[in-house]
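Student:
Numbering (my numbering), first residue to last: 364 to 567.
1) By the three-class DSSP mapping on this structure, what secondary structure does residue 491 have?
2) Reducing DSSP to helix, strand and coil, say where residue 448 ends up.
3) Taking the alpha helix (DSSP H) that residue 457 belongs to, which residues open and close that run?
4) In whole angstroms, what is the alpha-carbon distance linking residue 538 and residue 445?
5) Measuring CA to CA, which of 399, 402, 481 and 543 is closest to residue 450?
6) Does the distance from the CB of residue 437 to the CB of residue 384 come in under 8 Å?
7) Can you confirm whether the segment 407-419 touches the segment 489-505 when touching is taken to mean that 3 or more C-beta pairs between the two stretches lie within less than 8 Å?
8) Nearest to residue 546 by alpha carbon, out of 425, 418, 514 and 426?
9) Check whether the segment 423-435 and the segment 383-399 touch, using three or more Cβ-Cβ pairs below 8 Å as the test.
10) Between the alpha carbons of residue 370 and residue 548, how many angstroms are there, rounded?
11) Quick check: the segment 508-526 against the segment 395-403, are there 3 or more CB pairs under 8 Å?
12) Which value, in whole angstroms, describes the spacing of the CA atoms of residue 521 and residue 502?
13) In chain order, what residues of the same chain lie with their CB nearer than 7 Å to the CB of residue 540, ignoring the 5 residues before and after it?
14) Checking 8 Å against the spacing of the C-beta atoms, do residue 510 and residue 374 come in under that value?
15) Report the residue from 415, 469 and 531 whose alpha carbon sits nearest the alpha carbon of residue 454.
16) DSSP on residue 545, reduced to helix/strand/coil?
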């Protein structure tokens with residue numbers, strides 16, 4: 364059983380990671396540079412799971428470069444970016460009655476996973492940010508939901524949520540390594556994979 368303080372701290376780690384998978388804002392850049400956001404995240408993850416991976420050594424040099432690397436790595440459909448959207452990495456639907464020709468194919472948005480996340484968001488009355496509308500199973504949203512569930516949901520539900528919605532990250536990481544030579548998002552995804560597994564194994 365995870366204590367209340369640890370629940371909040373673990374949830375906060377996933378909230379920070381969620382923000383880092385969104386288009387970088389000047390506020391997040393300032394928090395990284397002036398308030399040691401990445402160092403605090405690394406220290407918290409090391410404290411909770413004994414995982415030691417540095418992100419700061421791969422941080423882009425300035426805010427403009429940070430935005431460019433985001434777009435080329437995970438944030439633009441106009442490049443070969445590896446978009447962090449769950450549906451893209453799974454068969455579009457498991458519904459055996461669906462007769463669409465691409466029903467079992469990968470690479471399409473708004474698949475089964477997106478429908479499930481939409482259902483959860485509607486039940487919880489949570490609105491998707493404008494920039495992520497149309498992709499409810501974007502990794503940033505999944506991480507925000509995970510943080511919410513850590514503080515508010517039964518352990519069995521959290522375990523099932525992790526098993527159902529974070530089982531594609533290895534494939535995403537593989538695509539990311541092909542999409543960009545810059546290592547920031549690759550390193551962050553490796554840290555995320557380790558953290559999700561460690562949370563699952565330690566607390567659930």
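Even for Gly, the Cβ is constructed at its ideal location relative to N, Cα and C. It should be emphasised that the depicted structure is a prediction, and the values quoted were computed from it without experimental measurement.
Tutor: Well, looking at it:
1) As a working note, residue 491 is residue 128 in the chain shown. It is coil, neither helix nor strand.
2) As a working note, residue 448 is residue 85 in the chain shown. Strand at residue 448.
3) Mapped onto the chain shown, residue 457 falls at position 94. Counting along the chain, residue 457 falls outside any alpha helix (DSSP H), and DSSP gives it neither H nor E.
4) Indexing the chain shown from 1 puts residue 538 at position 175. Indexing the chain shown from 1 puts residue 445 at position 82. Spanning the alpha carbons of residue 538 and residue 445 requires a straight line of approximately 6 Å.
5) Residue 450 sits at position 87 when you count from the first residue of the chain shown. Closest in C-alpha terms to residue 450, from the list 399, 402, 481 and 543, comes 481.
6) The sequence position of residue 437 within the chain shown is 74, counting from 1. The sequence position of residue 384 within the chain shown is 21, counting from 1. Yes; because the gap between Cβ atoms is below 8 Å, this pair is in contact.
7) Fewer than three Cβ pairs drawn from the segment 489-505 and the segment 407-419 lie within less than 8 Å of each other, which leaves the two stretches out of contact.
8) Here residue 546 corresponds to residue number 183 of the chain shown, with the count starting at 1. When C-alpha distances from residue 546 are compared across 425, 418, 514 and 426, the shortest belongs to 418.
9) Cβ pair count under 8 Å is three or more, so yes.
10) Along the chain shown, one-based indexing puts residue 370 at 7. Along the chain shown, one-based indexing puts residue 548 at 185. Rounded to whole angstroms, residue 370 to residue 548 spans 25 Å at the Cα level.
11) Not touching, per the Cβ criterion.
12) On the chain shown, residue 521 is found 158 positions in, with the first residue counted as 1. On the chain shown, residue 502 is found 139 positions in, with the first residue counted as 1. The alpha-carbon atoms of residue 521 and residue 502 are separated by roughly 16 Å.
13) Here the question's residue 540 lines up with position 177 in the chain shown. Once the five neighbours on either side are set aside, the close Cβ partners of residue 540 are 549.
14) In the chain shown, counting from the first residue as 1, residue 510 sits at position 147. In the chain shown, counting from the first residue as 1, residue 374 sits at position 11. It is a contact, given that the beta carbons lie within the stated cut-off.
15) Within the chain shown, numbered from 1, the residue matching residue 454 stands at position 91. Across the set 415, 469 and 531, the C-alpha of 469 shows the shortest separation from the C-alpha of residue 454.
16) Here residue 545 is taken as the residue at index 182 of the chain shown, counted from 1. Here residue 545 sits in coil by DSSP.
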